[in-house]
Amino acid sequence: MLNPQSAESADKLKMQNQILTFEQSFKKLETLVQEFEQGNLDLEKGLVKFKEALSLAEICKKRLDEAENKIIKIKEQFKDFN
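Each number in the working numbering comes from the position in the sequence shown (counting from 1) with 519 added on.
Here's what the structure looks like:
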């Protein structure tokens with residue numbers, strides 16, 4: 520089980536991650552994946568980093584969904600030009 524300090528620091532990371540661009544979030548996510556693949560994390564740090572990775576993945580999905588919605592709106596504006 521995560522200790523309160525670890526959970527608190529993970530929540531702080533999530534708040535900090537909310538202001539990242541898609542590219543920044545994706546880069547951080549790639550870095551975390553590499554750390555997991557190396558297998559040198561202890562359980563406590565691994566759990567915190569896993570939570571951060573999920574947060575970053577969520578942010579990436581949100582940014583992609585926002586971009587998709589913008590593309591749909593732009594296409595709708597210009598559908599008469601086809």
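Note that the Cβ used here is the ideal one computed from N, Cα and C, for glycine as well.
Exercise for the section: With DSSP collapsed to three states, give me the class of Leu561. Expected result: Residue identity differs from the one stated: residue 561 is Asp in this sequence, not Leu. Of the three classes helix, strand and coil, the one that applies to Asp561 here is coil, per DSSP.
Practice task
Report the rounded CA-to-CA distance for Asn559 versus Lys594, giving the unit in angstroms.
Solution key: Going from the Cα of Asn559 to the Cα of Lys594 covers about 47 angstroms.
Exercise for the section: Give me the Cα-Cα distance between Lys547 and Ala586, rounded to the nearest whole angstrom. Expected result: So the alpha carbons of these two residues sit roughly 20 angstroms apart.
Practice task
Kindly give me the distance between the Cβ atoms of Glu571 and Leu551, rounded to whole angstroms, as I take these residues to be in contact under 8 angstroms.
Solution key: By a beta-carbon distance limit of 8 angstroms, Glu571 contacts Leu551. Their separation comes to about 6 angstroms.
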